[in-house]
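Take a look at the structure set out below.
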Amino acid sequence: MPELPEVETVMRGLAPVMTDQVIAKADVRRDGLRWPFPSDMAARLTGQRVLGLRRRSKYILADLSSGETLLLHLGMSGRMLVSGAPLGVFHHSHPAPAKHDHVVLDMANGARITFNDARRFGAMDLMQTAGADAHALLAALGPEPLGNAFDEDYLVARLAGRGTPIKTALLDQHVVAGLGNIYVCEVLFRARIAPARRAGDLPQPAVRSLVPVIRAVLAEAIAAGGSSLRDYRQADGELGYFQHSFHVYDRAGQACVTPGCTGVIERLVQAGRSSFHCPQCQQ
DNA sequence: ATGGGGGCCTGCCGGC
DNA sequence: TGCCGGCAGGCCCCCA
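At position 85 of the first sequence (counting the first as 1) the number is 86 in the working numbering, and the numbers step up by one without a gap.
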């Protein structure tokens with residue numbers, strides 16, 4: 002799935018067609034995805050004005066005029082497709098729902114937003130906007146990596162004494178929210194830290210160095226419009242528009258890109274996930 | 001508390 | 001337009 006930069010990109014793509022617009026019709030085409038949808042979801046969405054979109058970790062939150070907030074997670078394969086340019090009262094030709102189109106929102110401006118998710122690991126829920134942070138899926142999340150609460154002192158304290166590999170620790174959404182497998186691999190490569198190192202054993206300068214690296218990697222990916230993998234699309238439905246090049250992710254067997262390094266990228270499995278790294282530059 | 005593994009689903013790719 | 005096994009960006013839950 003979309004990790005933080007991709008979710009941010011999707012949210013930015015949805016904002017112009019959804020913000021301040023009324024959901025004229027909600028077509029909920031199955032009972033749920035990873036979990037059952039909230040009761041009467043279609044009715045609770047229909048007629049509501051979208052006051053604004055926010056992102057928390059890999060969740061998109063849409064605040065509605067009803068006082069409820071729609072929570073949306075793309076899981077591994079979720080996509081938000083936008084069709085029907087919001088150009089006015091003419092022009093209302095939408096394609097028929099395709100395979101894995103689970104929820105279709107028709108906005109009053111003529112735009113159609115389709116939540117398509119082949120693997121159905123995605124999620125949608127509704128909650129009161131007031132106190133939305135207390136939602137079960139949000140309450141325990143760690144700080145936003147691009148926010149002020151995430152800093153060097155925090156990370157040092159959070160990783161102290163932890164025996165888990167640094168790779169696994171950074172993937173833990175309670176430590177820092179929004180990193181996924183790809184960006185953790187890239188972050189550790191850029192920080193030159195081996196993924197198998199125990200988090201609590203890392204020298205403090207190494208832990209501190211992770212903070213600006215995490216920020217930079219995410220910011221660059223957002224600036225590039227999110228990374229692009231085979232089945233990732235931007236909100237506007239364009240496939241593979243941004244080709245973000247990774248240094249280590251999915252590059253097993255290829256030469257390390259660090260100038261002067263003769264290492265070859267290796268893949269190892271940690272906590273059931275692939276970790277790509279250069280055994281030569283990452284210590 | 002912490003850490004590891006299983007499971008949820010479908011699709012794709014490589015090897016045979 | 002072959003079949004099968006392995007693998008995939010996430011994350012909750014259960015177990016030791």
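Just so it is clear, CB atoms sit at the ideal spot from N, CA and C, and this is done for glycine as well. Just so you know, these numbers come straight off a predicted model, no measurement behind them.
How is the alpha helix (DSSP H) around E221 delimited, first residue to last? 205-224
Exposed or buried, which one is E221 when buried takes at least 16 other CB atoms within 10 Å? exposed
Could you check the C-alpha separation between A272 and V29 for me, to the nearest Å? 35 Å
Span of the beta strand (DSSP E) around T115: 113-118
Between the region 173-185 and the region 138-153, do at least 3 Cβ pairs fall closer than 8 Å? yes
For V212, I'd like the list of residues in its chain whose CB is within less than 8 Å of its CB, leaving aside the five on either flank, ordered along the chain. F151, D152, E153, L156
Taking the DSSP output, what are the residues bridged to R57? Y60
Looking at C-alpha atoms only, which residue of D32, G264, A225 is the closest neighbour of M42? D32
Would you tell me roughly how many angstroms separate the C-alpha atoms of M77 and R120, rounded to the nearest one? 7 Å
Put T20 into one of helix, strand or coil per three-state DSSP. coil
Do you know whose CA, among L219, P166, G226, A225, lies nearest S276's CA? P166
Reduced DSSP secondary structure (H/G/I, E/B, other) of V90: Legend: pLDDT at V90 = 47, less than 50; position of this residue unreliable, value from coordinates given subsequently. Reduced to three states, the DSSP call for V90 is coil.
Under a three-way DSSP split, which group does M77 fall into? coil
So what does DSSP say about D28, is it helix, strand or coil? strand
Would the beta-carbon of M12 fall within 9 Å of that of R45? no
List the DSSP bridge partners of V265. A256
Can you tell me whether K100 is buried or exposed? The criterion is at least 16 other CB atoms within 10 Å of its CB, across all chains shown. exposed
What number of angstroms, rounded off, separates the C-alpha of H175 from the C-alpha of S58? 10 Å
Roughly how many whole angstroms lie between the Cα atoms of T259 and Q281? 10 Å
Contacting residues, own chain, Cβ-Cβ under 8 Å from G264 (five flanking each side not counted): A256, C257, C279, P280, Q281, C282
Just how far apart, CA to CA, sit V83 and T10? 13 Å
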